[in-house]
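Data block below; observations after.
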Amino acid sequence: MAVSPAPQTILGVAALTRLIKETLTDAFPAVWVKGEVTGFRRSERGHLYFSLKDKEALLECAMYRSAAVRLGFELRDGDEVEAFGGVSVYEPRGRYQLVVEELRASGLGALLLALEELRRRLAAEGLFEATRKKPLPRYPARIGLVTSPVGAAVRDMVKVLRARWPSIGIVLAPVRVQGEGAALEIAAAIERFNRYARVDLLIVGRGGGSIEDLWAFNEERVVRAIAASRLPVISAVGHEVDWTLADHAADVRAATPSNAGEIAVRDRADVRKEVVLLATRAARTVRQRIADDRRHVLALIEKYGFRRQRDALGFLQQRVDEVLERLA
Numbered sequence: 001m002a003v004s005p006a007p008q009t010i011l012g013v014a015a016l017t018r019l020i021k022e023t024l025t026d027a028f029p030a031v032w033v034k035g036e037v038t039g040f041r042r043s044e045r046g047h048l049y050f051s052l053k054d055k056e057a058l059l060e061c062a063m064y065r066s067a068a069v070r071l072g073f074e075l076r077d078g079d080e081v082e083a084f085g086g087v088s089v090y091e092p093r094g095r096y097q098l099v100v101e102e103l104r105a106s107g108l109g110a111l112l113l114a115l116e117e118l119r120r121r122l123a124a125e126g127l128f129e130a131t132r133k134k135p136l137p138r139y140p141a142r143i144g145l146v147t148s149p150v151g152a153a154v155r156d157m158v159k160v161l162r163a164r165w166p167s168i169g170i171v172l173a174p175v176r177v178q179g180e181g182a183a184l185e186i187a188a189a190i191e192r193f194n195r196y197a198r199v200d201l202l203i204v205g206r207g208g209g210s211i212e213d214l215w216a217f218n219e220e221r222v223v224r225a226i227a228a229s230r231l232p233v234i235s236a237v238g239h240e241v242d243w244t245l246a247d248h249a250a251d252v253r254a255a256t257p258s259n260a261g262e263i264a265v266r267d268r269a270d271v272r273k274e275v276v277l278l279a280t281r282a283a284r285t286v287r288q289r290i291a292d293d294r295r296h297v298l299a300l301i302e303k304y305g306f307r308r309q310r311d312a313l314g315f316l317q318q319r320v321d322e323v324l325e326r327l328a
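In the UniProt record's numbering, the protein residues as written are 1 to 328.
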């Protein structure tokens, strides 16, 4: 058992706490810390209190109102953030904490913030306005596909298009749909179709994935290429729950690549049924019109033609009879 030395100075709790605070403040006056937000709350006075955690530790944080008013996003539990500030001690409870001066989103949170900022900027330019949307051709002869040449997405598109309208022309512009350079290839393919290819409609898309996988379709150059396209564009990015800025800029958004094929062309069997129905209606209308006209003509003849002829003949016959009587 350790034997304590004879005390030279006995510190009070407050004095020791202040010494610890001074030591920590001097040692960590300015530091960046990365972690996940937990236990977030906002006081009535506008101060923010939360903790940052990783797999091994937890750090309490305080962001006072003067700094919190500069925060450019809504903080939530689960957000990955990077916090800048100095380490201090909250003396009444003897707890050390990070006094946060600046907070920025990290990882997925940073991506989402950048996405929202871009969305607002492009929306302010009018790129997503409904008045910009072009109608799709009712019976396109050729369709351009901007997608990966491998994978389920292109197979699904082609399968549905061929099943619904076997004679449809399909022109594929093979591009990378994720990773470095993908956005450049997608935008360039859209622009090439508009300059050179004789197609009536474009489908731009890919299969499902994480937000990072789909990110090329959130890139500004892709969104602007879609918005500037003179050809109508159907976006088909991911699954039904996935939304990208490309979807906002496109003339029509399809829930899936297969759905894009259904939107792009009508089912030939349905069209055939409609043609038969229209032909039947037209024939019925013509027959009815002929029958109506025939009845009308007969009525006119009965009313004005033959009756007047009979009356005239009867009058002449009567005159002949009178002359014959006088001659007799």
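Here a beta-carbon is modelled for each residue, glycine too, at the ideal position from N, C-alpha and C. This one's a predicted model, so the numbers in the text were calculated from it and none came from an experiment.
Nearest Cα to Thr23 within the set Arg195, Ala249, Ser88: Ser88.
Taking the CA atoms as reference points, Pro149 sits about 23 Å from Ala249. Spatial neighbours of Leu231 in its own chain (CB-CB distance under 7 Å, excluding positions within 5 residues in sequence) are listed in chain order as Phe193, Asn194, Val199, Leu201, Leu202.
Asp267 places its beta carbon 9 Å or farther from that of Arg155.
In the same chain as Ile20, and ignoring 5 residues on each side of it, the C-beta atoms closer than 7 Å to its own belong to Val89, in chain order. Leu172 and Val146 have their C-alpha atoms some 6 Å from each other. A Cβ-Cβ distance of about 21 Å is found for the pair Arg41 and Glu91, leaving them out of contact under the 8 Å criterion. If one requires a minimum length of 4 residues, the alpha helix (DSSP H) runs lying completely within the stretch 209-240 are 220-228, in chain order. C-alpha of Glu262 to C-alpha of Phe128: approximately 23 Å in a straight line. In the structure shown, Arg41 adopts extended strand secondary structure according to DSSP, grouped into three states. Burial check for Thr244: the Cβ neighbour count within 10 Å reaches 16 or more, so the residue is buried. By alpha-carbon distance to Gln97, the top candidate from Ala182, Trp215, Pro29 is Pro29. Contact annotation: the stretch 185-192 does not touch the stretch 276-296, with fewer than three C-beta pairs closer than 8 Å.
Cβ contact annotation for Tyr49 (same chain, cutoff 6 Å, sequence separation greater than five): Arg41, Ala62, in chain order. According to DSSP, Trp32 shares a beta bridge with Phe84.
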